[in-house]
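In what follows, a single structure is set out as structure tokens and then discussed.
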Amino acid sequence: MGRIWREDERIRNYFEKIKFQYLKSTGGMQVVSIMKLASIAIVNSSKVEAEEIIKLLEELGVSNTSLLTTKDIVNKPLALGKFNFAIIALDNKGLDHCIPEFFNQNKVPFAYLSDIFITSESLEATHYDYCVGYLGWPLYKKELNNLLVYELAKPKGIRGCHREEEKCQKEKNVYKALFENSQDAIVYYDKDGIVENANEQFLHLLNYQKHEILGKYIKDVIDPLNLIDEHGYTKVLNGEKVNFETIRYDKHGKKFNVIHRGVPFILNGVLHGGFTIYSDISESKMLQERLIESEAKFQRLIATAQDAIIIMDHNGLVTHWNYAAEKIFDYTETEAIGNDLHELITPSYYHEEFSKKFGEFMVTGRGNAIDSTVELTACKKDGTEFPVEVSLSAVKIKGQWHSVGILRDVTERKEQEKNLINYTTEIEMQRIELENTYERINREINKAKEIHERVLPRELPQTDRIRIAAHYQPADELGGDLYNVIKVNNKLILYLADVTGHGLDSALMSAFIKEAVSSYISLAQEENVYPITPKEILNHILNQYLSENFPEDYFVCVLMTVWDLDSNVLAFSNAGVHSVPLLVTGDKTVTRLGKCFLPITNSIPRDVLVYEEQHVVIPEDATILFSTDGLTEHTEGNENFENILEQVIVDAHSLLPKFTVSHINYEFKKFANGNKTNDDITYLVAKNLGTTNKDYFIIGRCIKNYSDAVTRFKDSLTKWDTGLDIDTLAIGFNEMIMNAIEHGNSLEQSTEVNVEIIDSPERLYVVIKDQGMGFKWEDAIDESCNFLSSAERGRGIAMAKLCYDHVWYNRKGNEVLLVKEKAVR
5 MGRIWREDER IRNYFEKIKF QYLKSTGGMQ VVSIMKLASI AIVNSSKVEA EEIIKLLEEL
65 GVSNTSLLTT KDIVNKPLAL GKFNFAIIAL DNKGLDHCIP EFFNQNKVPF AYLSDIFITS
125 ESLEATHYDY CVGYLGWPLY KKELNNLLVY ELAKPKGIRG CHREEEKCQK EKNVYKALFE
185 NSQDAIVYYD KDGIVENANE QFLHLLNYQK HEILGKYIKD VIDPLNLIDE HGYTKVLNGE
245 KVNFETIRYD KHGKKFNVIH RGVPFILNGV LHGGFTIYSD ISESKMLQER LIESEAKFQR
305 LIATAQDAII IMDHNGLVTH WNYAAEKIFD YTETEAIGND LHELITPSYY HEEFSKKFGE
365 FMVTGRGNAI DSTVELTACK KDGTEFPVEV SLSAVKIKGQ WHSVGILRDV TERKEQEKNL
425 INYTTEIEMQ RIELENTYER INREINKAKE IHERVLPREL PQTDRIRIAA HYQPADELGG
485 DLYNVIKVNN KLILYLADVT GHGLDSALMS AFIKEAVSSY ISLAQEENVY PITPKEILNH
545 ILNQYLSENF PEDYFVCVLM TVWDLDSNVL AFSNAGVHSV PLLVTGDKTV TRLGKCFLPI
605 TNSIPRDVLV YEEQHVVIPE DATILFSTDG LTEHTEGNEN FENILEQVIV DAHSLLPKFT
665 VSHINYEFKK FANGNKTNDD ITYLVAKNLG TTNKDYFIIG RCIKNYSDAV TRFKDSLTKW
725 DTGLDIDTLA IGFNEMIMNA IEHGNSLEQS TEVNVEIIDS PERLYVVIKD QGMGFKWEDA
785 IDESCNFLSS AERGRGIAMA KLCYDHVWYN RKGNEVLLVK EKAVR
């Protein structure tokens, strides 16, 4: 058992100096008074611990004690300031860090009470200014007395009042800000190579969550797949700095290029650990490779060209002379490079005219022959004159105008092939230009795709009661819609955005909106004075948008909502999204929420752009649909999908959101009849399940076969007292488990089947997911209960449909939902 009383050395020495003088001078009387006036908080202790602690405190003269739980502290954190000291009990589950944080904020000294061995990892919990360390269990009266005398009798201001300490704290905050906000990926590890911290850029680059790497060995973090030869950290832990370019991999094996820098952390001549810093150069590396490839293509094109290709710099000197030029003019490349082009290949009677016009070309890049094909007379090495056709263009290199000339000898076939040569030259130039154009367009599309993929969330936050799913389908190769869900404390922020146009501009605009929302949320959390409401977030987006001077023909439509998870109140404000949210309650009543205000744009005066906020309570068993107008405004013939959307969402009300999305897509596909949509289709589905019972298990891991799974299923329903016919439900459950194992996983022993059971007041949900490739389930779902069905897995689906009220699949077909409605009791 570890007993640690943590204080910095300066305060410890001070206490040793004053402790006995203080007790001697007061005769102990002041200590008694202090104990009587003291107010002690006892947090999260068991009944036995609490009784023992209170008994010891009463023996020491402390009569004012309070027993607190985590809930008490979270609900009234400001009330903690009344206490003089706190004892926080720990168990083998660890510590809820909000508890010491609140005591620390209220400047209340506290100690941890633990009956477990104190390890180096647990010492992290003492990194609070007002934490004095650990007390072992069982408590010793003398130890508790000394600690309380020290803390309660200590003169105010000893802790944290010294200027040097404040200076150190400021410097610490500066370095912390630099560490956390660096654009480089940084990870810190101790002298044993154990990771202690990493910034967000590092976590993003290597695709980690922070809890996955803390306490891990640095090699296992930066090279989880054993793909790296040179790690660099070994040199750092030997006190050396490293700096080299290399390839690294994230935890999934995705490769990226970095500049790897390693810096040892040495304090007072002692090595404490090291930093590994990655500067991601993947994009610049890719551009460099493309440039090299483009240059190689250019060189191959010039080397194989039948025409002379000559480049002249701003001084009139030859800088490039291809093989065809050697053949036409009889000068080798060595003889030509660095010489005056006009002196080399033009007759003397052209020199004066060239000299006059060359000055204008050097300044403007323009000339009579630039961007045209002209017929001139040229000279060979021996002075022989011959006719040539010359195509000239100007290009700026390093701020200076250069001329690129393509020359063709037309001596023998000048008259006969004049038109053909002109046509061929023109086509060749257009081909090159078109190739460059396609390459540029592809780069722009790829870049826009990359930006847009980063903007859309990879997964959505879920809570015990709230389930959320989303769908996004661009009309073109690249769309302009955006959705996101962010959980901040007890709030869910859900929003949709529809940006004018498509391509790189719309992708950048989507990224701008996401960044504007994120920046406001970060500001609201840091400053704690900005309310997280739809109205304030929209106003922030608008102000940021107007400050950027975007074109007036841009329009941004945003539906912003904030869902309070404690009260289930949804606040929302709509800036230009014509499709208002649809709320379906348990009695299948559909309510259209709110109204639409003006979109965000530069073309409307600022004082006209006012966004009002509306509120609605989301009851249990309610489903809500948020969508952009791409879904509702799709038209086939004379009918809009909006006309049937309400019925579609009502029919899907009993499903979980993931399967509601599948149902909407299924109905939309039938409505569209295979026709392409004209706009992006984006929507979010959220459902308030209310209070539920849940069970989750994996067949192939904790459950070995489907018969054990059926037993587990029946035991869960029995324990929850669902009031349902368990045997009938087990039959349908058994059929779908068999389908998943036999058809989905093809009886592969290495595969698993995931099962989730949710018991809500209204219905029972069963989700079964296999690891197979899925199948076309639509035909089997559409058929009536036909046990002779030829559709894949048809017999099992038919049986399940007899046992359950709803059977539905996800889009892929490897996850099925079974739903059984409950009678109102």
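Using my numbering, the letters of the sequence shown correspond one by one to residues 5 to 829. Where is the CB? At the ideal position from N, CA and C, for every residue including glycine.
Bridge partners for residue i per DSSP, in chain order?
{"i": "residue 767", "result": "825"}
{"i": "residue 140", "result": "118"}
{"i": "residue 316", "result": "322 and 407"}
{"i": "residue 454", "result": "DSSP output for residue 454 lists no bridge partner at all."}
{"i": "residue 264", "result": "248 and 282"}
{"i": "residue 812", "result": "821"}
{"i": "residue 135", "result": "114"}
{"i": "residue 651", "result": "For residue 651, which the question treats as bridged, DSSP gives no partner whatsoever."}
Could you check how far apart the C-beta atoms of residue i and residue j are, in whole angstroms? I think they sit under 8 Å.
{"i": "residue 471", "j": "residue 691", "result": "5 Å"}
{"i": "residue 372", "j": "residue 361", "result": "7 Å"}
{"i": "residue 382", "j": "residue 345", "result": "Wrong, their Cβ atoms sit about 11 Å apart, outside the cutoff."}
{"i": "residue 479", "j": "residue 683", "result": "5 Å"}
{"i": "residue 605", "j": "residue 560", "result": "7 Å"}
{"i": "residue 253", "j": "residue 189", "result": "Not quite, the Cβ-Cβ distance comes to about 13 Å (not below 8 Å), so this is no contact."}
{"i": "residue 652", "j": "residue 588", "result": "Actually they do not touch by this definition, with Cβ atoms about 10 Å apart."}
{"i": "residue 267", "j": "residue 257", "result": "Contact flag wrong, Cβ pair sits at about 27 Å."}
Going by C-alpha to C-alpha distance, which of the options sits closest to residue i?
{"i": "residue 228", "options": "238, 758 and 212", "result": "212"}
{"i": "residue 555", "options": "177, 314 and 503", "result": "503"}
{"i": "residue 725", "options": "247, 749, 259 and 763", "result": "763"}
{"i": "residue 94", "options": "515, 567, 75 and 46", "result": "46"}
{"i": "residue 673", "options": "662, 611, 635 and 705", "result": "635"}
{"i": "residue 598", "options": "611, 616 and 608", "result": "616"}
{"i": "residue 565", "options": "593, 621, 549 and 610", "result": "621"}
{"i": "residue 720", "options": "518, 825, 180 and 760", "result": "760"}
{"i": "residue 431", "options": "377, 242 and 219", "result": "377"}
{"i": "residue 89", "options": "662, 76, 78 and 104", "result": "104"}
{"i": "residue 579", "options": "612, 748 and 592", "result": "612"}
Mapping DSSP to helix, strand and coil, what is residue i?
{"i": "residue 645", "result": "coil"}
{"i": "residue 661", "result": "helix"}
{"i": "residue 109", "result": "helix"}
{"i": "residue 556", "result": "coil"}
{"i": "residue 81", "result": "helix"}
{"i": "residue 512", "result": "helix"}
{"i": "residue 304", "result": "helix"}
{"i": "residue 696", "result": "coil"}
{"i": "residue 167", "result": "Note that residue 167 scores 45 on pLDDT, short of 50, meaning its location in the model is unreliable; the coordinates nonetheless yield the value given after this. Residue 167: helix per DSSP, three-state reduction."}
{"i": "residue 201", "result": "strand"}
{"i": "residue 499", "result": "strand"}
{"i": "residue 52", "result": "helix"}
{"i": "residue 447", "result": "helix"}
{"i": "residue 67", "result": "coil"}
{"i": "residue 784", "result": "helix"}
{"i": "residue 676", "result": "helix"}
Alpha carbon to alpha carbon, what distance is there between residue j and residue i?
{"i": "residue 527", "j": "residue 543", "result": "14 Å"}
{"i": "residue 477", "j": "residue 296", "result": "36 Å"}
{"i": "residue 390", "j": "residue 405", "result": "28 Å"}
{"i": "residue 136", "j": "residue 155", "result": "9 Å"}
{"i": "residue 813", "j": "residue 766", "result": "21 Å"}
{"i": "residue 200", "j": "residue 264", "result": "19 Å"}
{"i": "residue 619", "j": "residue 627", "result": "16 Å"}
{"i": "residue 25", "j": "residue 139", "result": "Any reading at residue 25 needs caution, since the residue's pLDDT is 44, under 50, leaving its predicted position unreliable; the model's value is listed next. When rounded, the distance between both Cα atoms is 25 Å."}
{"i": "residue 809", "j": "residue 571", "result": "31 Å"}
{"i": "residue 114", "j": "residue 87", "result": "10 Å"}
{"i": "residue 31", "j": "residue 80", "result": "Residue confidence for residue 31 is low, a pLDDT of 44 falling below 50, so the modelled location carries little weight; the figure read from the coordinates is stated next. One C-alpha to the other measures close to 39 Å."}
{"i": "residue 60", "j": "residue 145", "result": "6 Å"}
{"i": "residue 745", "j": "residue 802", "result": "17 Å"}
{"i": "residue 367", "j": "residue 562", "result": "50 Å"}
{"i": "residue 603", "j": "residue 686", "result": "17 Å"}
{"i": "residue 408", "j": "residue 374", "result": "9 Å"}
{"i": "residue 163", "j": "residue 177", "result": "The pLDDT assigned to residue 163 is 49, lower than 50, so where the model puts this residue is not dependable; a value taken from the coordinates is nonetheless given after this. Roughly 18 Å separates the two Cα atoms."}
{"i": "residue 65", "j": "residue 38", "result": "9 Å"}
{"i": "residue 495", "j": "residue 540", "result": "15 Å"}
{"i": "residue 557", "j": "residue 509", "result": "12 Å"}
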